[in-house]
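In the UniProt record's numbering, the protein residues as written are 1 to 621.
Below is the structure:
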């Protein structure tokens, strides 16, 4: 079958499927692309041809920012529990390197995305071409080599003959729950347009079976023995619980054993917030209930978590002397953390088998009753934060409360960076396993709107609420235009507080006095401490094609959200909030080093507090 390399890529991907539990999915459900001289004649032409001759085989959507389109693909993949994703193509040079941040986000979060950056001429006949990096040490290096450390698989196809192995390896990694992340295949622009005679078998439908590996019996027995000795066990549910569709198995396990459940950012929603054994968020942005149980736990059962520093409160959360870890994870790399007893296997299959191995084991009545009581006390704290009544501007917690009230159980909240992810982790009342979508592995400013677009494309039957601060909005709001173009319904709640609120708080905590975190003119002394900048982000959103509703009070915000639910297309609800009102404290700590020497009293005081916090750190050896 004679096709160009670009045409072969498109045809191959259209034929790939995934399967788990007897349910098939398309591996690549569509394409995002921005075209230039690195891909317009190759993949661009191939996608046009597919649209004209085989509609639906390779749906194409026009992106506005290359980083944004990778974020959208990551959001799509996460919403689909990693069974499907989107492909992204860019031109050579800056179009390609714009995707590097998105690749890093996907790999950090263990999310499959497939990237095809354009590249230099394989023949080198026209070197140096426009936007080519010339490395005097090596002739086969291009800017696309920056993808290597942030990709789980990287290849560069110098010749058409190499394409089949590259594509098969790409699909292998994308569908492997252990290895998955960003997959990058760099395609030199002359190779993309080159024709080759391909074996027809390359384009035959192929199903990639996503495994559910079962745990080794001996490892399961060791874990059960440790758990049977536990008086104060605690489950830490991570994203792996949700990706493995193990939430029902987790609920049954918790109810059978009486072990309470705390949740990471990625694992939030593993249990409904009002389940009697749900303690909510754990760690640096955790609830007081989960963190109290974490401090006292003698055995921690980590399920599908990579134990980030926010989850462990920089290794201060689990403070009991001699605390032990039982780690259930499909990846041995994560299961080995904190010197834990490793149980390598699929979350759902392992939880089910562990429940059987623990038959007859149950925590004490007082322990379970205390979990319910502390969780109820925290929920009362959430209610107060939601109804704070702060004036003249509402607090951010009130904005979150209004959105939570407006959201129905299956609706999705999307966020990524700033102070809101921490507030959402503590406060959001999640009722559905896919109702909470906060990217906090990479905490990437600018993910929110693009990621929300991907979520909505993956789940068009759900209402999607994107919460974004003005800092992240200014980083990347361009995919609003893509959402408008595709007639995708998004409700974007744009919280304006005229600066970097999260970093302002962090700056204050390390004694740096909120330096460089407010959006202000320079004053007479040359400092950024003058009047607030006259930036009108609502007008900007309207200029991009969104319908905009302004709200100045919580009541107006509530009315605006009700209107937004009934509207179609992209709706941006703009609300001003007070950046100086903190959310309820979690009684936790986060390790951010403080300057060890300074002339500023604020820094010296912060350093003293930091040294005190360091004393509680435990290497969990």
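Ideal placement from N, C-alpha and C gives every residue a C-beta, glycine not left out.
Computed from a prediction, not measured in an experiment: that's the story for all the values here.
Residues bridged to residue i [DSSP beta-bridge criterion]
i, result
"residue 188", "119"
"residue 33", "62 and 89"
"residue 574", "494 and 550"
"residue 154", "184"
"residue 623", "Within the shown structure, residues of the chain are numbered from 1 to 621, placing residue 623 beyond reach of any answer."
"residue 591", "The partner list for residue 591 (beta bridge, DSSP) is empty, contrary to what the question assumes."
"residue 24", "19"
"residue 113", "182"
"residue 414", "437 and 466"
"residue 362", "Residue 362 is not bridged to any residue."
"residue 3", "196"
"residue 532", "520"
"residue 603", "Looking at the DSSP assignment, residue 603 forms no beta bridge with any residue, so it has no partner."
Span of the beta strand (DSSP E) around residue i
i, result
"residue 233", "233–237"
"residue 304", "Looking at the DSSP string, residue 304 is not in any beta strand (DSSP E), and its letter there is neither H nor E."
"residue 467", "464–469"
"residue 208", "206–209"
"residue 438", "436–438"
"residue 279", "278–281"
"residue 261", "261–263"
Extent of the continuous alpha helix (DSSP H) run through residue i
i, result
"residue 403", "396–406"
"residue 559", "554–566"
"residue 485", "479–485"
"residue 17", "Residue 17 -> not in any alpha helix (DSSP H); beta strand (DSSP E) instead, spanning 16–20."
"residue 247", "247–257"
"residue 425", "420–427"
"residue 287", "Unbroken run through residue 287: none, as it is neither H nor E."
"residue 507", "501–509"
"residue 448", "447–458"
"residue 132", "Per DSSP, residue 132 belongs to no alpha helix (DSSP H) and is neither H nor E."
"residue 617", "Premise fails: residue 617 is in no alpha helix (DSSP H) and is neither H nor E."
"residue 430", "Careful: residue 430 lies outside any alpha helix (DSSP H) and carries neither H nor E."
"residue 49", "45–53"
"residue 349", "347–357"
"residue 227", "217–228"
"residue 542", "537–543"
"residue 139", "Where residue 139 is concerned, there is no enclosing alpha helix (DSSP H), given that its DSSP letter is neither H nor E."
Cut-off 7 Å between Cβ atoms - residues of its own chain near residue i, not counting five sequence neighbours on either side
i, result
"residue 567", "547"
"residue 602", "511 and 513"
"residue 35", "44 and 91"
"residue 160", "5, 191, 194 and 196"
"residue 398", "386, 388, 390 and 554"
"residue 542", "548"
"residue 29", "84 and 86"
"residue 442", "104, 105, 108 and 109"
"residue 605", "511"
"residue 647", "Nothing can be reported for residue 647: it is not among the residues displayed for the chain, which extend from 1 to 621."
"residue 624", "With the chain covering 1 to 621 only, the question about residue 624 has no answer from this structure."
Own chain residues within Cβ distance below 6 Å of residue i, not counting five before or after
i, result
"residue 618", "315"
"residue 179", "152 and 173"
"residue 16", "27, 171 and 206"
"residue 610", "594"
"residue 164", "202"
"residue 508", "514"
"residue 135", "141"
"residue 401", "386"
Own chain partners of residue i with C-beta closer than 8 Å, once the 5 adjacent residues on each side are dropped
i, result
"residue 647", "What is shown of the chain runs 1 to 621, which leaves residue 647 out entirely."
"residue 293", "232, 234, 260, 262, 279, 371 and 374"
Validate contact between the stretch 568–585 and the stretch 270–282 using beta carbons, cut 8 Å, 3 pairs | Contact between the stretch 568–585 and the stretch 270–282 is not established, with fewer than three Cβ pairs separated by less than 8 Å.
Taking the runs of the alpha helix (DSSP H) that are 4 residues or longer, which of them lie wholly in the stretch 307–345?
-> As far as the stretch 307–345 is concerned, its whole alpha helix (DSSP H) runs of at least 4 residues are 332–335.
Does the pairing of the stretch 236–245 with the stretch 217–224 give three or more beta-carbon distances under 8 Å?
-> No contact exists between the stretch 236–245 and the stretch 217–224.
Is it a yes or a no for the stretch 186–201 touching the stretch 23–43, going by three-plus beta-carbon pairs under 8 Å?
-> The answer is yes - the stretch 23–43 touches the stretch 186–201, with three or more Cβ pairs under 8 Å.
Give a yes or no on contact between the stretch 336–344 and the stretch 308–327, applying the rule of three or more CB pairs nearer than 8 Å.
-> They touch, by the three-pair rule.
At least 3 beta-carbon pairs within less than 8 Å: the stretch 452–464 vs the stretch 71–79 = Yes, they touch.
Okay, do the stretch 98–113 and the stretch 57–72 touch, 3+ Cβ pairs below 8 Å being the bar?
-> Yes, the stretch 98–113 is in contact with the stretch 57–72.
Looking at C-beta atoms only, is the number of pairs between the stretch 514–526 and the stretch 489–503 that lie closer than 8 Å three or more?
-> As far as the Cβ criterion goes, the stretch 514–526 touches the stretch 489–503, which means the pair count is three or higher.
Say whether the stretch 405–415 touches the stretch 345–363, bearing in mind that this needs 3 or more beta-carbon pairs closer than 8 Å, one atom from each stretch.
-> Short answer: they don't touch.
Taking 8 Å as the threshold, find out whether the stretch 280–288 comes into contact with the stretch 299–317 through three or more Cβ pairs.
-> Taking 8 Å as the limit for Cβ pairs, the verdict is that the stretch 299–317 does touch the stretch 280–288.
The stretch 460–469 touching the stretch 330–337, judged by at least three CB pairs closer than 8 Å = Because the criterion of three Cβ pairs below 8 Å is not met, the stretch 460–469 and the stretch 330–337 do not touch.
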